[in-house]
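**Q** Using the working numbering, you'd call the opening residue of the sequence shown number 2 and step up by one each time.
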Amino acid sequence: MQQDALVQSPATTQKGDTQPVLRLDNVRKSFGSTQVLRGISFDVKQHEVVALLGPSGSGKSTLMKCVNLLEQVDDGQIWLGSTDITDPRANQDRIRARIGVVFQQFNLFPHMSVLKNVTLAAIKVHHWSKDRAEARALELLDRIGMRAKAKAYPDQLSGGQQQRVAIARALMTDPELLLLDEITSALDPMLVGEVLNMVAELKSQGTTILMATHEMSFAHDAADRVVLMRNGIIAENGTPREVMDESDDPQTREFFAHFR
Ligand code: ADP
Ligand code: MG
């Protein structure tokens, strides 16, 4: 793929160590006088599943939106591979094609079929031909056992099926990074499992994933790393065991105690 890198990534990522898929370096973001992100730095490496945890309001969605260019950072850098996506000269559509995104809710357009939903951005934003987009969409729907629903409308699907279709759509352009922002939070508890199973399946295929979630047992068992946000900073960054079971920090311990 053609790079839109205008500046090379810092030398620390070169030679021997594979370059991370995503790198946040001292990212800051405020809304008015509220400092939501107060110097966030961490990496997501290739094939890693990183769970972004933290209380509501700790800045997880804001961080995700900065990565997806829905919000502009005030300060700091975000690198996608060797592209500084916070550089105002970066090509936003091309960057978005390299990142798949699924939110908590309202992912599918209710008046469009599953196939139309899945192909829309590829055709309209990324200028794929209809044939190419439909072939790719059907392949993805097939893989998740939803090909028979290609002509169905979202309200004919369960919430879990809708989120799986939304994930399929996010994978259309074969993104380097998948951002999942509380994708099971709005679901009936009965339907959470099928969506998390799909995330686990993607992990086993090597998909690089950053997911904000409150599903603590999934984060514990499926994530390679856990990043805990608190008051706009990274309070913890380590393996699930280090962060969720073995941290000495009283606030960290208290946070996870709520979920036991
Ligand atoms: P989380 O996803 O961890 O629950 P958010 O990133 O949604 O946290 O929110 C972090 C803080 O930023 C909250 O205090 C929220 O009210 C505030 N916030 C988020 N988006 C905006 C916005 N567009 N304008 C003003 N405040 C916002
Ligand atoms: Mg959120």
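Beta carbons: idealized from backbone N, C-alpha and C, even for Gly.
Within the continuous alpha helix (DSSP H) that includes I41, where are the two ends?
**A** Counting from 1 along the sequence shown, the entry for residue 41 is found at position 40. Note, I41: premise wrong, no alpha helix (DSSP H); beta strand (DSSP E) at 35-45.
**Q** State yes or no: is the C-beta of T214 nearer than 7 Å to some heavy atom of the ligand FMN?
**A** Annotation note on the ligand FMN: not contained in the displayed structure, which lists the ligand ADP and the ligand MG as its ligands.
**Q** Less than 8 Å between the C-beta atoms of E220 and P241, yes or no?
**A** Taking the sequence shown and counting its residues from 1, one reaches residue 220 at position 219. Taking the sequence shown and counting its residues from 1, one reaches residue 241 at position 240. Contrary to the premise, residue 220 reads as Ala rather than Glu in this sequence. It is a contact, given that the beta carbons lie within the stated cut-off.
**Q** Could you give the residue range of the beta strand (DSSP E) that holds V77?
**A** Looking up residue 77 in the sequence shown gives position 76. Before going on, a small fix: residue 77 reads as Gly here, not Val. Start and end: 76-81.
**Q** Sorted by chain position, which residues of the same chain lie with C-beta nearer than 8 Å to Y154's C-beta, five sequence neighbours on each side aside?
**A** Position 153 of the sequence shown, counted from the first residue, corresponds to residue 154. Correct list, in chain order: P111, H112, M113, S114, V115.
**Q** For F145 and M212, I'd like the C-alpha separation in whole angstroms.
**A** In the sequence shown, the residue the question calls residue 145 occupies position 144. In the sequence shown, the residue the question calls residue 212 occupies position 211. Going by the sequence as given, residue 145 is Ile instead of Phe. So the two alpha carbons sit approximately 20 Å from each other.
**Q** Any heavy atom of the ligand ADP inside 7 Å of the beta-carbon of T35?
**A** On the sequence shown, residue 35 is found 34 positions in, with the first residue counted as 1. Correct: T35 has its Cβ closer than 7 Å to the ligand ADP.
**Q** Would you grab the beta carbon distance between Q105 and S186 for me? Rounded to a whole angstrom, and I think it's under 8 Å.
**A** On the sequence shown, position 104 is the one that residue 105 refers to. On the sequence shown, position 185 is the one that residue 186 refers to. Contact holds; Cβ gap of about 5 Å.
**Q** Can you find the residues in the same chain that come closer than 6 Å, C-beta to C-beta, to A123, ignoring five residues on each side of it along the sequence?
**A** Position 122 of the sequence shown holds residue 123. Same-chain partners within the cutoff: W129, A134, M173.
**Q** Just curious, the beta strand (DSSP E) that S205 is in, first and last residue?
**A** As a first step, residue 205 must be located in the sequence shown, where it is residue number 204. That residue, S205, is in no beta strand (DSSP E); its alpha helix (DSSP H) goes 190-205.
**Q** Just to confirm my understanding: we take D225, look at its own chain, exclude 5 residues before and 5 after, and list those with CB closer than 6 Å. What are they?
**A** To locate residue 225, count along the sequence shown from 1; it is residue 224. Only E49, V50 meet the Cβ criterion.
**Q** Taking its Cβ as the centre, do 16 or more other Cβ atoms sit within 10 Å of P251, making it buried, or is it exposed?
**A** As a position in the sequence shown, residue 251 is number 250, starting the count at 1. The residue is exposed, with fewer than 16 neighbouring Cβ atoms inside 10 Å.
**Q** I'd like to check one pair, L23 with V68: are the Cβ atoms closer than 8 Å?
**A** In the sequence shown, residue 68 corresponds to position 67, counting from 1. In the sequence shown, residue 23 corresponds to position 22, counting from 1. Cβ distance < 8 Å, so V68 and L23 count as in contact.
**Q** Within the chosen definition, does the segment 189-200 reach the segment 28-43 through at least 3 CB pairs nearer than 8 Å?
**A** Contact between the segment 189-200 and the segment 28-43 is absent, because fewer than three Cβ pairs lie under 8 Å.
**Q** Tell me which residues share the same chain as S62 and place their Cβ nearer than 7 Å to its Cβ, disregarding the 5 neighbours each side in the sequence.
**A** Counted from its first residue, the sequence shown places residue 62 at position 61. Answer for S62: D182, A213, listed in chain order.
**Q** Could you tell me the alpha carbon to alpha carbon distance between I79 and L71, rounded to whole angstroms?
**A** Locating residue 79 in the sequence shown gives position 78, counting from the first residue. Locating residue 71 in the sequence shown gives position 70, counting from the first residue. Taking the straight line joining both Cα atoms gives about 13 Å.
**Q** Start and end of the alpha helix (DSSP H) containing I168?
**A** Counted from its first residue, the sequence shown places residue 168 at position 167. 160-171 is the extent of the alpha helix (DSSP H) around I168.
**Q** Which of the three DSSP states, helix, strand or coil, is assigned to A123?
**A** In the sequence shown, residue 123 corresponds to position 122, counting from 1. In the structure shown, A123 sits in a helix (DSSP, three-state: H, G or I).
**Q** May I have the straight-line CA-CA distance separating P11 from V45, to the nearest angstrom?
**A** The count along the sequence shown starts at 1 and reaches residue 11 at position 10. The count along the sequence shown starts at 1 and reaches residue 45 at position 44. Residue placement at P11 is flagged as unreliable, the pLDDT there being 44, under the threshold of 50; a coordinate-derived value is accordingly withheld.
**Q** Helix, strand or coil: which one does DSSP assign to R90?
**A** In the sequence shown, counting from the first residue as 1, residue 90 sits at position 89. Correct three-state label for R90: coil.
**Q** Report, in whole angstroms, the separation of the C-beta atoms of I41 and I235, which I expect to be a contact under 8 Å.
**A** Taking the first residue of the sequence shown as 1, we reach residue 41 at position 40. Taking the first residue of the sequence shown as 1, we reach residue 235 at position 234. Their Cβ separation, rounded to whole angstroms, is 6 Å, which keeps I41 and I235 in contact under 8 Å.
**Q** Am I right that R231 and S34 are in contact with their C-beta atoms under 8 Å? What's the rounded C-beta distance?
**A** What you label residue 231 is simply residue 230 of the sequence shown in a count that begins at 1. What you label residue 34 is simply residue 33 of the sequence shown in a count that begins at 1. That pair is no contact at about 19 Å.
**Q** Please state whether DSSP places L142 in a helix, a strand or coil.
**A** Taking the sequence shown and counting its residues from 1, one reaches residue 142 at position 141. It is helical.
**Q** Where do the ends of the beta strand (DSSP E) carrying L23 lie?
**A** What you label residue 23 is simply residue 22 of the sequence shown in a count that begins at 1. From DSSP, the beta strand (DSSP E) with L23 extends over 23-32.
**Q** Leaving out five residues on either side along the sequence, give the residues of the same chain with a beta carbon under 8 Å from the beta carbon of R165.
**A** In the sequence shown, counting from the first residue as 1, residue 165 sits at position 164. Around R165: I145, M147, E195, V196, M199.
**Q** Within this structure, are the beta carbons of H127 and A98 separated by less than 8 Å?
**A** By 1-based counting over the sequence shown, the position of residue 127 is 126. By 1-based counting over the sequence shown, the position of residue 98 is 97. Their beta carbons are under 8 Å apart, which means H127 touches A98 by this criterion.
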